[in-house]
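Everything on this sheet refers to the single structure shown next.
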Ligand code: MG
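Residue numbers (the numbering used here): 345 to 729.
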């Protein structure tokens, strides 16, 4: 990995309908990022000079959205079978005969630079390269009713992954020679049939193929995450009124808090804590008090917006802790309902939500009953970038 890779191109197959995974899995979000984007980013980062993403007819807009902001890729419409799709990708690619081409399955998102480098390096010694893993489990043959009928020698067996690497000419020749009425498992099979030597290189257990719906949960768990902490603070002044909004609840009181919105200092402090954890500025940046649109606005809207920004990044809120500082009203009778309301707004478990209250012993502006202050802390887990 010390010397730069030779110029290479890639065909990413994203044309599957993914019926086994319950819908087209290549567009689904994984760690806040469409599945196809993980490997296209990895290929571009490794220096791929031309990445052709093969999509099914009608999915061009989905590809454009999934890969928005990346340069160095283009979409090509594929065919009914994988062979047709890869062929369409190769035709679009073109280039010199000796151009290394990686053919990759979009359903394998965790493509590392090391695997890419090993595949390309192996082309010095063989006509093709195939990342693969040895079979660790013992293998058994069984009858259709599940009765074991013998063992299978696993010593010479490998679990094939992608990307598979070949020179452009090796691959196009193998496609030209392949019988039209046969389907091929992968490109290595085709090159091998055409007389080429395909070498196995070390694969990667994380390069798993997302096949079944439960694979997504396992893949999510594999994404390294960083814990972020944010804090927020807010104050509103007391004024005449019959009720006050606190932590998303309307509480009868002989005063109200004055503000541009509903003046819910608890929700404002918490919104700032979440924005702080993800480096997204403060509540005023997102909802300017100069904007009449937010006059009298319910503050759960601000909190939902902040939580949505966390979700959009593939993150999750781990816990929140709010402290209200006032002499009156008494918070304790409302604490449980406040926790429930916050858990509902944020869509997190109740035990991840804390609401506390304190007085300031009659000292300062809160002690004199001039205003109410709120503090909040939020922890957020974000996918490490
Ligand atoms: Mg405020």
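Every residue gets a Cβ at the ideal spot worked out from N, C-alpha and C, and that includes glycine.
For residue 719, the three-state DSSP class (helix, strand or coil): strand
Ligand 1 heavy atom lying under 7 Å from the CB of residue 433: no
Three-state class that DSSP yields for residue 622 in the structure shown: Residue 622 falls in the coil class under three-state DSSP.
Mind reading off the beta-carbon distance from residue 647 to residue 701? Whole number of angstroms is fine, and I expect it under 8 Å. Actually they do not touch by this definition, with Cβ atoms about 19 Å apart.
Distance cut-off 7 Å: residue 708 Cβ against heavy atoms of ligand 1: no
Does the beta-carbon of residue 603, which I'm using as the reference point, lie nearer than 7 Å to any heavy atom of ligand 1? yes
Start-to-end residues for the alpha helix (DSSP H) that takes in residue 680: 679 to 690
Pick from 618, 537 and 715 that is closest to residue 602, judged by C-alpha positions: Among 618, 537 and 715, the Cα nearest to that of residue 602 belongs to 715.
The beta strand (DSSP E) enclosing residue 502, as first and last residue numbers: For residue 502, the enclosing beta strand (DSSP E) begins and ends at 502 to 504.
Considering only the beta carbon of each residue, do residue 500 and residue 547 sit closer than 8 Å? no
Closest by CA to residue 629, which one among 612, 642 and 640? For the residues 612, 642 and 640, the minimum Cα distance to residue 629 belongs to 612.
If we ignore side chains and look at the alpha-carbon of each, how far apart do residue 569 and residue 419 end up? 31 Å
Between which residues of its own chain and residue 662 is the CB-CB distance below 6 Å, once the five residues before and five after are set aside? 723 and 725
Considering only DSSP beta bridges, list what residue 446 is partnered with. 354 and 509
Anticipated Cβ contact below 8 Å, residue 380 with residue 410, distance rounded: 5 Å
Cβ shell of residue 360 (< 6 Å), same chain only, five flanking positions each side left out: none
Where the beta carbon is closer than 5 Å to any heavy atom of ligand 1, which residues qualify, in chain order? Answer in sequence order: 578 and 612.
For residue 580, which three-state DSSP category applies? strand
With a 10 Å radius around its C-beta and 16 neighbouring C-beta atoms as the bar for buried, classify residue 686 as buried or exposed. buried
Does the beta-carbon distance from residue 460 to residue 350 come in below 8 Å? No.
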